[in-house]
Amino acid sequence: MATSPKFRPALLPRYSSNTTTTASKRYSQRQLILLVSFILLITSGAMLVFHVIVSPLLSSSSNAVGCAKDADYAIIRWRQSYRSNEQGTKLESNNNGVYGSRDAGSPSNNDIDYHGRYGQQGERKQVPEELPSYDSREPSIQGRNSNSDVDSTDNTTPEDDGEQEEEEYTPFEDTLDQEDDVQYVTYLPYAGITNQFYGMLRGMEVAKALGRTLIIPPITASSHDKSKQNQPWSKFLDLERFQELTGAKVIEFHKLRDAELAEYSQLDCKITCGFGSKRTIDFTAKGFLKQWKFNVTLSPLQIDATKLDTITRVLGPYKRDKFICISNTYKISVQDKSEWDRFGQHLHFTPELEDFVQEFLDRNLVKPEPVYDPKSRQEVVPTQKYIAIHIRRGDFAQYCESNFPGPKMVHCFPTTEQIAQRIDKIQSQYSPSGSLAEVMPVFVATNERRPEELKKFANLGWKYLDHEQMGTAETLGVFGPMMVDQVFMAHAQALVGIQMSTFSRVGALRQRDWHRRQIEYM
Numbered sequence: 255m256a257t258s259p260k261f262r263p264a265l266l267p268r269y270s271s272n273t274t275t276t277a278s279k280r281y282s283q284r285q286l287i288l289l290v291s292f293i294l295l296i297t298s299g300a301m302l303v304f305h306v307i308v309s310p311l312l313s314s315s316s317n318a319v320g321c322a323k324d325a326d327y328a329i330i331r332w333r334q335s336y337r338s339n340e341q342g343t344k345l346e347s348n349n350n351g352v353y354g355s356r357d358a359g360s361p362s363n364n365d366i367d368y369h370g371r372y373g374q375q376g377e378r379k380q381v382p383e384e385l386p387s388y389d390s391r392e393p394s395i396q397g398r399n400s401n402s403d404v405d406s407t408d409n410t411t412p413e414d415d416g417e418q419e420e421e422e423y424t425p426f427e428d429t430l431d432q433e434d435d436v437q438y439v440t441y442l443p444y445a446g447i448t449n450q451f452y453g454m455l456r457g458m459e460v461a462k463a464l465g466r467t468l469i470i471p472p473i474t475a476s477s478h479d480k481s482k483q484n485q486p487w488s489k490f491l492d493l494e495r496f497q498e499l500t501g502a503k504v505i506e507f508h509k510l511r512d513a514e515l516a517e518y519s520q521l522d523c524k525i526t527c528g529f530g531s532k533r534t535i536d537f538t539a540k541g542f543l544k545q546w547k548f549n550v551t552l553s554p555l556q557i558d559a560t561k562l563d564t565i566t567r568v569l570g571p572y573k574r575d576k577f578i579c580i581s582n583t584y585k586i587s588v589q590d591k592s593e594w595d596r597f598g599q600h601l602h603f604t605p606e607l608e609d610f611v612q613e614f615l616d617r618n619l620v621k622p623e624p625v626y627d628p629k630s631r632q633e634v635v636p637t638q639k640y641i642a643i644h645i646r647r648g649d650f651a652q653y654c655e656s657n658f659p660g661p662k663m664v665h666c667f668p669t670t671e672q673i674a675q676r677i678d679k680i681q682s683q684y685s686p687s688g689s690l691a692e693v694m695p696v697f698v699a700t701n702e703r704r705p706e707e708l709k710k711f712a713n714l715g716w717k718y719l720d721h722e723q724m725g726t727a728e729t730l731g732v733f734g735p736m737m738v739d740q741v742f743m744a745h746a747q748a749l750v751g752i753q754m755s756t757f758s759r760v761g762a763l764r765q766r767d768w769h770r771r772q773i774e775y776m
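With this note's numbering applied, the sequence shown corresponds to residues 255 to 776, in that order.
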C-alpha cells in the first residue's frame, strides 16, 4: 500500500480510480471559475497599464507640446499639437499690460507676493505645477555638426509621434513687415526677473554689435511664481527715453504681435551658451513660447560660444536675414561687463512707477519744507529721506546654507539682529547728535513672511513694504511689487543690501550712478 505524501496542497482534489463523486465535480467547477477570474484580473491590469502609457499619445483631448525629432537635421523641435481642447484657454490682458493664461488654477494678481512662495502667515503657498503643455522631460538636442555638445547624463529620447503628420507653421519672420529695411534680433527670456533684466542688457549688446533692432521679450513668470503671466518692460522702464539717451533701437513683442489674435508660428533660434544643446531651455523660456504662441526649433551655430564677440562673429553668415533669434543672452560674457555702463544705467523708471512710490511716501512721511534751488531759481520740495533694506529670505535660505556656511552666511542670509547693528551705525552717521528728529525712517523690501520676523521689524521701528496692503499688484500688475522695491532701493538715502543677491546689486548700481552713493552690503 502506497504511503500518502506528508504534505498535501490544501485544495488539491482527490480522485478515485474509477468514479467521480458529486463533491469532486463541484470542486472542479469552483477551480475553473477561480482560474477564469484570475485570467480576467491579469488581463484587466495589463489593459490599465497600457492605457496609462499610451493614452497621453493618442487622446484627442490632449493639448500637449511634445518633442518631435527632425530626421534630416537631428534636432529636437518643441511644437504645439493641433488637437481638440474642450477646455481651451485664452490669453487675456488688462490695463496693467499683464498677459497670461487665465485658466483654472492660475493665481490672480492678489495671489502673487514678492517671490511668490510664501503666504502672509509664513505657510507654503499652493502654486500651480509647471506648464502642463510642455514636455517636462529634459531632452538633449544634437546639432548638425560634431562640435555641438550633448549632455551625456541625459538619457531621455524624443517621443515618436508615429504616423502623425507634421503641422506647417508660418515662420515668425514672415509675419514681420517685409517692406521696411529693419533687421531684428531677439532671444528667449531666462530665469527670474533680475536675470531677465541682465539678459535684456546683453541682448542689447548683441543687437548693437550686429546693427539690428532688438525685440525685447516681456517680463515672464519664472519658476519662482509660476503665475503664467507676463508684462512688457515698458510698463516699468522708460524705453523711449532710453533710446534717446543711448541711440539703441528696441521694440517689444506686443508691438509686433497680438498674443490673443496670433496663430501659432515657427520660431527658429540659434543655440548660444549651451542652452538648447547640452542644457535645455528653462521654465521661463517655455512659458514665453506658450504665452506668445511660438513653436521653437533650436539649431546650433558653427560654434556654441558664450563670449559676445564670438557669438556676433558666428552670426555673420546670417547678416542678410530679416530676423535672428538666439536661445540665451543672460549667459553671454561681455568684455569689462560694460552692459550696465552702456545700457543699464539709462533705463530709468516710468513716471507712473515713480509716482506710485512718491504717493506712498507722501502718505507715510512728513513732507520737508520747500527750499530755494539756485539752478532753477524756484522753490522745490526735497525728496523725503529714508533708509532702504533689501532682505532676501524664503527660497534663498537653502541656497545660502549650501554655498555660504559659517561666517560667510552673513553675506547671503544675515539675521535681523545683524542687519539692525548695521542700521544703527548708519543712523549714527546721519544723526551724530542723537536727535530723534534726524533719525531716518527705515523701509524693508523683503519676501519674508514669518510672523515672528515681521514682528522683529516692527519692534525695531522698521516698516516692511506690504504690497498687499499697498495694492501694488492691483495698480501696477503682477510684477509691480518687485519693481516698486527697486524704486525704493534706488532712491534711498542709504541702502543696505545682500551681497550675494543680484536684486540688491542692481539697486547698488543705481545708487552709484544716479545718486553717487555707495550701498552698505552685509
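Virtual Cβ for every residue (Gly too), placed ideally from N, Cα, C.
Task: Integer Cβ distance of Met737 from Phe490, believed to fall under 8 Å - done: Walking along the sequence shown from the start, residue 737 turns up at place 483. Walking along the sequence shown from the start, residue 490 turns up at place 236. Indeed, because the Cβ distance is near 4 Å, the residues count as touching under 8 Å.
Task: Stretch-stretch touch, CB-based, cutoff 8 Å, three pairs: the region 725-742 with the region 673-683 - done: Judged by Cβ distances under 8 Å, the region 725-742 makes no contact with the region 673-683, as fewer than three pairs qualify.
TODO: Could you spell out the range, first to last residue, of the beta strand (DSSP E) harbouring Glu633?
DONE: Position 379 of the sequence shown, counted from the start, is the residue given in the question as residue 633. Unbroken beta strand (DSSP E) run through Glu633: Gln632 to Val634.
Task: Terminal residues of the beta strand (DSSP E) in which Glu506 lies - done: Taking the first residue of the sequence shown as position 1, residue 506 is located at position 252. Where Glu506 is concerned, the enclosing beta strand (DSSP E) stretches over Val504 to Glu506.
Open item on the list: Let's test the definition: count the other Cβ atoms within 10 Å of the Cβ of Leu266 and tell me whether it reaches 16, buried, or not, exposed.
Closed with: Your numbering for residue 266 matches position 12 in the sequence shown. With a pLDDT of only 32 at Leu266, under 50, the local geometry of the prediction cannot be trusted, and no value is derived from it.
Open item on the list: Using a 10 Å radius around the Cβ and a threshold of 16 neighbouring Cβ atoms, would you call Thr538 buried or exposed?
Closed with: Translated into positions along the sequence shown, residue 538 becomes position 284. Thr538 should be labelled buried.
Open item on the list: Once DSSP output is grouped into helix, strand and coil, what is the label at Val760?
Closed with: Within the sequence shown, the letter at position 506 stands for residue 760. Three-state DSSP puts Val760 in a helix.
Task: Cα-Cα separation, Ile447 to Lys573 - done: Here residue 447 refers to the residue found at position 193 of the sequence shown. Here residue 573 refers to the residue found at position 319 of the sequence shown. Whole-angstrom Cα-Cα distance: 31 Å.
Open item on the list: Mapping the DSSP letters down to three states, classify Arg770 as helix, strand or coil.
Closed with: Working through the sequence shown from its first residue, we reach residue 770 at position 516. In this structure, Arg770 counts as coil in the three-state DSSP scheme.
Task: Uninterrupted alpha helix (DSSP H) stretches inside the region 565-638 (no shorter than 4 residues) - done: Here the runs fully enclosed are 593-596 and 605-618.
Open item on the list: On a Cα-Cα basis, can you pick out the residue from Tyr441, Asp428, Met458 and Asp431 that is closest to Arg596?
Closed with: As a first step, residue 596 is located in the sequence shown; it is residue number 342 there, counting from the start. The shortest C-alpha separation from Arg596 is found at Met458.
Task: Terminal residues of the alpha helix (DSSP H) in which Tyr542 lies - done: As a working note, residue 542 is residue 288 in the sequence shown. First, the residue type needs correcting, since residue 542 is Phe and not Tyr in the sequence shown. Its alpha helix (DSSP H) spans residues Phe537 to Gln545.
Task: Terminal residues of the alpha helix (DSSP H) in which Cys654 lies - done: The residue you call residue 654 lines up with position 400 of the sequence shown. Start and end: Phe650 to Asn657.
Open item on the list: Just to confirm the assignment, what range does the beta strand (DSSP E) spanning Tyr438 have?
Closed with: As a first step, residue 438 must be located in the sequence shown, where it is residue number 184. Start and end: Tyr438 to Tyr441.
TODO: Put Tyr684 into one of helix, strand or coil per three-state DSSP.
DONE: Here the question's residue 684 lines up with position 430 in the sequence shown. Tyr684 falls in the helix class under three-state DSSP.
Open item on the list: Give me the residue from Ser291, Lys561, Phe614 and Lys462 with the minimum Cα distance to Asp739.
Closed with: The residue you call residue 739 lines up with position 485 of the sequence shown. Its Cα nearest to that of Asp739, the residue Phe614 stands out among Ser291, Lys561, Phe614 and Lys462.
TODO: Give the secondary structure of Lys533 by DSSP, where H, G and I count as helix, E and B as strand, and everything else as coil.
DONE: In the sequence shown, residue 533 corresponds to position 279, counting from 1. Contrary to the premise, residue 533 reads as Arg rather than Lys in this sequence. Arg533: strand per DSSP, three-state reduction.
Open item on the list: Please report the straight-line C-alpha distance between Thr526 and Thr560, rounded to a whole angstrom.
Closed with: On the sequence shown, position 272 is the one that residue 526 refers to. On the sequence shown, position 306 is the one that residue 560 refers to. For Thr526 and Thr560, the distance between alpha carbons rounds to 7 Å.
TODO: Kindly indicate which residue of Pro471, Thr583, Asp512 and Arg764 has the alpha-carbon position closest to the one of Lys524.
DONE: Within the sequence shown, the letter at position 270 stands for residue 524. With distances taken between Cα atoms, Lys524 lies closest to Thr583.
- [ ] Would you kindly check if the distance between the Cβ of Ile565 and the Cβ of Leu442 is under 9 Å?
- [x] Residue mapping note: residue 442 aligns to position 188 of the sequence shown, counting from 1. Residue mapping note: residue 565 aligns to position 311 of the sequence shown, counting from 1. Against a cut-off of 9 Å, the Cβ pair of Ile565 and Leu442 comes out as no contact.
Open item on the list: In the DSSP assignment, the alpha helix (DSSP H) including Pro705 goes from what residue to what residue?
Closed with: Here the question's residue 705 lines up with position 451 in the sequence shown. Per DSSP, Pro705 belongs to the alpha helix (DSSP H) from Pro705 to Asn713.
Open item on the list: Judging by CA-CA distance, which residue of Phe757, Ala445, Phe542 and Ala513 is the nearest neighbour of Lys585?
Closed with: The count along the sequence shown starts at 1 and reaches residue 585 at position 331. Nearest Cα to Lys585 within the set Phe757, Ala445, Phe542 and Ala513: Ala445.
Open item on the list: Would Lys482 and Glu517 be called neighbours here (beta carbons separated by less than 9 Å)?
Closed with: Sequence index remark: in the sequence shown, residue 482 carries index 228 (1-based). Sequence index remark: in the sequence shown, residue 517 carries index 263 (1-based). With respect to the 9 Å criterion, Lys482 and Glu517 are not classified as neighbours on the basis of their beta carbons.
Open item on the list: So, does the region 658-667 touch the region 761-771, judging by three or more C-beta pairs under 8 Å?
Closed with: Output reads no: the region 761-771 does not touch the region 658-667.
Task: Three-state secondary structure (DSSP) of Tyr251 - done: The structure shown does not extend to residue 251, since the chain is modelled only from 255 to 776, so the question has no answer here.
- [ ] Identify the continuous beta strand (DSSP E) that holds Pro554 and give its terminal residues.
- [x] As a first step, residue 554 is located in the sequence shown; it is residue number 300 there, counting from the start. For Pro554, the enclosing beta strand (DSSP E) starts and ends at Phe548 to Pro554.
- [ ] Helix, strand or coil for Phe426, going by three-state DSSP, please let me know.
- [x] For the purposes of this step, residue 426 is identified with residue 172 of the sequence shown, where counting begins at 1. Phe426: helix per DSSP, three-state reduction.
Open item on the list: Distance check for Lys639 and Gln612, CA to CA, integer angstroms please.
Closed with: Indexing the sequence shown from 1 puts residue 612 at position 358. Indexing the sequence shown from 1 puts residue 639 at position 385. Distance between the alpha carbons of Gln612 and Lys639 is about 12 Å.
- [ ] Starting from the C-beta of Asp590, find all residues in its chain whose C-beta is less than 8 Å away, skip the five residues before and the five after it, and write them out in chain order.
- [x] Within the sequence shown, residue 590 is the residue found at index 336, counting from 1. If you ignore the 5 residues before and after Asp590, its C-beta comes within less than 8 Å of no other C-beta in its own chain.
TODO: Express the C-alpha separation of Val750 and Ile677 in angstroms, rounding to a whole number.
DONE: Taking the sequence shown and counting its residues from 1, the one referred to as residue 677 is at position 423. Taking the sequence shown and counting its residues from 1, the one referred to as residue 750 is at position 496. The straight-line gap from Cα to Cα measures roughly 8 Å.
TODO: Examine chain C for any beta-carbon lying closer than 9 Å to the beta-carbon of Pro624, and answer yes or no.
DONE: In the structure shown, chain C does not exist; there is a single protein chain.
Task: Separation of Asp512 from Pro554, as counted between CA atoms - done: Here residue 554 refers to the residue found at position 300 when the sequence shown is read from its first residue. Here residue 512 refers to the residue found at position 258 when the sequence shown is read from its first residue. Their Cα atoms are separated by approximately 29 Å.
- [ ] Say whether the region 451-467 touches the region 693-711, bearing in mind that this needs 3 or more beta-carbon pairs closer than 8 Å, one atom from each stretch.
- [x] Flag = no, the region 451-467 and the region 693-711 do not touch.
Open item on the list: Can you find the residues in the same chain that come closer than 7 Å, C-beta to C-beta, to Tyr775, ignoring five residues on each side of it along the sequence?
Closed with: Taking the sequence shown and counting its residues from 1, the one referred to as residue 775 is at position 521. The answer, listed in chain order, is Gly751 and Gln753.
Open item on the list: From the DSSP secondary-structure annotation, give me the bridge partner or partners of His644.
Closed with: Within the sequence shown, residue 644 is the residue found at index 390, counting from 1. BP columns for His644 point to Ala699.
Open item on the list: Measuring only the C-alpha atoms, how far is Asp609 from Ser488?
Closed with: To locate residue 609, count along the sequence shown from 1; it is residue 355. To locate residue 488, count along the sequence shown from 1; it is residue 234. So the alpha carbons of these two residues sit roughly 15 Å apart.
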